Amino acid sequence: MTHHNLQTNSRENANLYNHYSWSPNSLLARLLNHPLALKVCLPVLLLLIFIELFYINPSVDSQTGLSVFQLQFASNLQEAKLIINSWGDMGLLFYVKWLFADYLLATTYILVLTIALVRTQIAHTYAWKPWVFYLPVVAGTLDIVENTLHLCLVSNQLTTDESFQILHSISTIKWTLLGLIAFHLIPINKRH
Numbered sequence: 001m002t003h004h005n006l007q008t009n010s011r012e013n014a015n016l017y018n019h020y021s022w023s024p025n026s027l028l029a030r031l032l033n034h035p036l037a038l039k040v041c042l043p044v045l046l047l048l049i050f051i052e053l054f055y056i057n058p059s060v061d062s063q064t065g066l067s068v069f070q071l072q073f074a075s076n077l078q079e080a081k082l083i084i085n086s087w088g089d090m091g092l093l094f095y096v097k098w099l100f101a102d103y104l105l106a107t108t109y110i111l112v113l114t115i116a117l118v119r120t121q122i123a124h125t126y127a128w129k130p131w132v133f134y135l136p137v138v139a140g141t142l143d144i145v146e147n148t149l150h151l152c153l154v155s156n157q158l159t160t161d162e163s164f165q166i167l168h169s170i171s172t173i174k175w176t177l178l179g180l181i182a183f184h185l186i187p188i189n190k191r192h
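The sequence shown maps to residues 1 to 192 in this note's numbering.
Structure (structure tokens):
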């Protein structure tokens, strides 16, 4: 193979890598930066949040729905069980029946937050940080795992303090990552 062929292959491989990696000109970055991406995903996310806040959560605890959020921050198994018991049988049934909406919410916010991060990084001149784009994926995945563990909790399959601490840690990491994402969405010139 000649030197010219090696250079051509290297350039083609680099172009292929840039096309599918998290670079500003990658196919994925261009798709997520497309004007329709946010116009489609954001209304879906807002609708899901509205349904969760004003229909599902209040129907679970027959009040404000705050106890559904308190469950995510319960620090021990006994506290979580008290919250779940306060819902009653109908609230618990409603929670399980509508848990799929929380899975949809997590999937949708992965897309919306990734789109927002891509747009923020493209619109501003600070350094491109590909690792930032994994934050919504990790947070959303942890949310999905958290929902599954909550389902195990309400069906009495998660019964030890140790297993509950795993659930609590997942919730804490998820909320920390969401805060970190919010921080990255603030342009650098507005942080100072």
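For every residue, glycine included, the Cβ atom is placed at its ideal position computed from N, Cα and C.
Keep in mind that this is a model prediction, so the values were computed, not measured.
Under the criterion of beta carbons closer than 8 angstroms, V132 and H184 qualify as touching, at roughly 5 angstroms. Secondary structure remark: continuous beta strand (DSSP E) runs of at least 3 residues inside the stretch 91-125: none found. Annotated three-state conformation of L48 is helix, per DSSP.
Judged by pairs of C-beta atoms under 8 angstroms, the stretch 155-172 does not touch the stretch 52-62, as fewer than three such pairs exist. Counting along the chain, the unbroken alpha helix (DSSP H) around T148 starts and ends at Y134 to V154. In this chain, P24 is not harboured by any alpha helix (DSSP H), its DSSP state being neither H nor E. Around the beta carbon of H34, fewer than 16 other beta carbons sit within 10 angstroms, so the residue counts as exposed. Nearest C-alpha to V138 among I122, A106 and L47: A106.
For the pair Q70 and C41, the Cα-to-Cα distance works out to about 27 angstroms.
The straight-line gap separating the alpha-carbon atoms of P130 and G88 is approximately 46 angstroms. When secondary structure is reduced to three states using DSSP, I186 falls in the coil class, being assigned neither helix nor strand. Here the alpha carbons of G65 and A116 stand approximately 28 angstroms from one another. N147 places its beta carbon less than 8 angstroms from that of D102. Taking a C-beta distance under 8 angstroms as the contact criterion, I173 and L153 do not qualify as a contact pair. For A80, the CB contacts under 7 angstroms within the same chain, skipping 5 residues up- and downstream, are L71, A74, L153 and F164 in chain order.
In the DSSP assignment, P58 falls within the alpha helix (DSSP H) that extends over N57 to D61.
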